[in-house]
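Peer 1: Before I ask anything, let me first share the structure, which is written out below as structure tokens.
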Amino acid sequence: MNFLKRERAEGRLRDLSYLLHPKAIFSTFKYLMETEPGSIALLRTVRSQRPEISATQYVADLHAHPYISHANTRGDFFHTLKIMVKNNVSALAVTTHGKGNPREMDFWDIKEFILANDLGSALEFRDVGSTFSIKHNGKRLEFIASYEMYVEVPGVSGRVDVVNLLPEKGFIEKARPGMTLSDYAKLNRDYDAIMIGAHPYTIWDPHGPRGFFRFRIASDGERKAIQDNYFPLMDAVDRVSSNCAWMIESNALLLQDFGKTLTNSDAHCKTRYVRHELGRAGNILKHGIGLREAILSGQYRNYLRYTPILQFLISIAFDKPQKDFP
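Each number in our numbering corresponds to the 1-based position in the sequence shown with 22 added.
As structure tokens, this is what we get:
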């Protein structure tokens, strides 16, 4: 067995060993009980290549959860930088679920950490309000303020998410999960945020059948409600990398019903291992065109690759970061 084959085999064994961890078994079982039967596409891994980019272009992952924690801020932050350089991701939206929590620092907390620890000079820190950039291993990396929350959409029995990109500081103190779509849209306008429909045909439904199967794809009637009530208020929608049948189907339906979309990883980096998924899907933009202008005018192209099965299962298997995983 040559070196590459041995390395791949060892990687698969490592992946399987993660999934045999008792916490992983419990969390995966819980997820399966909340998911429509057959939705994990164990045989539906979609393979595609990332397109070439020129020197005038860069890759932005505009919906990702790097999970930079308060307990290990420096380690998580620098590991995120390492993966961004490795995966050639030049811009990353630090998306938190609401304000975040001890495991999930938001954009403003990360900026404060850099300044409080006198890292600005070493990292060539540039502050531009709702974005900042630093330099790491010779590459300039941009971080973008971003939040994800669910809203109430008329005609939909369940939670539909919105990613709020580039909001001014103070937005999250006013935002609340479960706001009506119209109130949430007004708040976004007040704080100059871009509204991105986050995988909108994928529903988390607290009223799922028999108390189970809460993760599901929107019904035909709900899709019509989303098209009529939700799409008109969005500046863009996104398709994401999650490798499960309803997400793959949702992505196809979004292209059909909405047209051009953003594509993002939606990586939930609860372990360092899953952080390698940053940039699994991404958007290719041109230097010199501002992010806001590029999104609103559609001046981008993108690519969508799906998370390999084992990585997908590992990403959902842990409710909390595990210190014993890389």
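Backbone N, C-alpha and C fix where the C-beta goes; we use that ideal spot for every residue, glycine too.
(1) Find out if the Cβ-Cβ distance for the pair N159, N186 is shorter than 8 angstroms.
(2) My output table needs one value for M127: the three-state DSSP class, helix, strand or coil.
(3) With a threshold of 8 angstroms, are at least 3 pairs of Cβ atoms found where one atom belongs to the segment 265-279 and the other to the segment 237-245?
(4) Let me check one thing: in DSSP terms, what residues is I156 bridge-paired to?
(5) Quick one: using the 10 Å Cβ neighbour count with 16 as the cut-off for buried, is V111 buried or exposed?
(6) Distance check for S91 and P432, CA to CA, integer angstroms please.
(7) What are the boundary residues of the beta strand (DSSP E) that M106 is part of?
(8) On the DSSP letters alone, give me the boundaries of the beta strand (DSSP E) that N324 sits inside.
(9) Alpha carbon to alpha carbon, how far is I105 from H298?
(10) Can you tell me whether DSSP reads G312 as helix, strand or coil?
(11) Name the residue from H119, M269, V259, V182 whose alpha carbon lies nearest to the alpha carbon of T329.
(12) Compare the beta carbon distance of D260 and G219 with 8 angstroms and say whether it is the shorter of the two.
(13) Let me check one thing: in DSSP terms, what residues is L284 bridge-paired to?
(14) Is E170 helix, strand or coil by DSSP?
(15) Quick check on the DSSP output: the alpha helix (DSSP H) that includes D242 runs from which residue to which?
(16) Suppose the cutoff is 6 angstroms on Cβ atoms and the five residues either side in sequence are ignored; what does the same chain contact list for R72 look like?
(17) Using only the alpha-carbon positions, how far apart do D250 and H87 sit?
(18) Using the beta-carbon count (16 or more within 10 Å), is H309 buried or exposed?
(19) Report yes or no: do the segment 197-204 and the segment 129-144 share at least 3 C-beta pairs separated by less than 8 angstroms?
(20) Give a yes or no on whether the C-beta atoms belonging to S152 and L163 are separated by under 8 angstroms.
(21) From the DSSP secondary-structure annotation, give me the bridge partner or partners of V182.
(22) Under a Cβ-count criterion, where at least 16 other Cβ atoms within 10 Å of its own Cβ denotes burial, should E126 be classed as buried or exposed?
(23) Please report the straight-line C-alpha distance between Y206 and S168, rounded to a whole angstrom.
(24) Where does F237 sit, in a helix, a strand or coil, going by DSSP?
(25) Taking the alpha carbon of G192 as the point to measure from, which residue in A82, D288, D214 has its own alpha carbon closest?
(26) The beta strand (DSSP E) that contains V150, what's its start and end?
(27) Short check: CB of R314 to CB of S263, under 8 angstroms?
(28) For K282, collect the residues of the same chain with a Cβ closer than 7 angstroms to its Cβ; drop the 5 residues on either side in sequence, then sort them by chain order.
(29) Please report the straight-line C-alpha distance between A303 and T293, rounded to a whole angstrom.
(30) Please report the residue range of the beta strand (DSSP E) in which Y80 lies.
(31) Does E244 get closer than 8 angstroms to chain C when you measure Cβ to Cβ?
(32) Rounding to the nearest angstrom, what Cα-Cα distance links K157 and E74 in this structure?
Peer 2: The relevant details are as follows:
(1) It is not a contact, given that the beta carbons lie outside the stated cut-off.
(2) In this structure, M127 counts as coil in the three-state DSSP scheme.
(3) With the rule of 3 Cβ pairs closer than 8 angstroms, the segment 265-279 counts as touching the segment 237-245.
(4) Its beta-bridge partners are L163.
(5) Classification for V111: buried.
(6) Look at the range of the chain in this structure, 23 to 348, and you will see that residue 432 is not part of it.
(7) Looking at the DSSP string, M106 is not in any beta strand (DSSP E); the run it does join, the alpha helix (DSSP H), is 95-108.
(8) 323-325 is the extent of the beta strand (DSSP E) around N324.
(9) Their backbone Cα atoms lie some 6 angstroms apart in a straight line.
(10) In the structure shown, G312 sits in coil (DSSP, three-state: anything other than H, G, I, E or B).
(11) Checking every option, the nearest Cα to that of T329 belongs to M269.
(12) Taking 8 angstroms as the Cβ cut-off, D260 and G219 qualify as a contacting pair.
(13) DSSP, once it has assigned bridges, lists D260 as partnering L284.
(14) Strand.
(15) Counting along the chain, the alpha helix (DSSP H) containing D242 begins and ends at 242-247.
(16) Closer than 6 angstroms at Cβ, skipping near neighbours: Y325.
(17) Going from the Cα of D250 to the Cα of H87 covers about 29 angstroms.
(18) Counting of Cβ neighbours within 10 angstroms places H309 among the exposed residues, the total staying below 16.
(19) Taking a cut-off of 8 angstroms on C-beta distances, the segment 197-204 does not touch the segment 129-144, as fewer than three cross pairs fall below it.
(20) No. Outside cutoff.
(21) Paired residues: V173.
(22) Classification of E126: buried, given that the 10 Å Cβ count is 16 or more.
(23) Taking the straight line joining both Cα atoms gives about 15 angstroms.
(24) Taken through DSSP and simplified to helix, strand or coil, F237 comes out as strand.
(25) Relative to the Cα of G192, the nearest Cα in the group A82, D288, D214 belongs to D214.
(26) It is not in any beta strand (DSSP E) - V150 carries neither H nor E in the DSSP assignment.
(27) No, these two residues do not count as a Cβ contact at 8 angstroms.
(28) Around K282: G320.
(29) Rounded to the nearest angstrom, the two C-alpha atoms are 19 angstroms apart.
(30) Note, Y80: beta strand (DSSP E), 79-86.
(31) Among the chains of the structure shown, chain C does not appear; only one protein chain is present.
(32) Cα-Cα distance, rounded: 23 angstroms.
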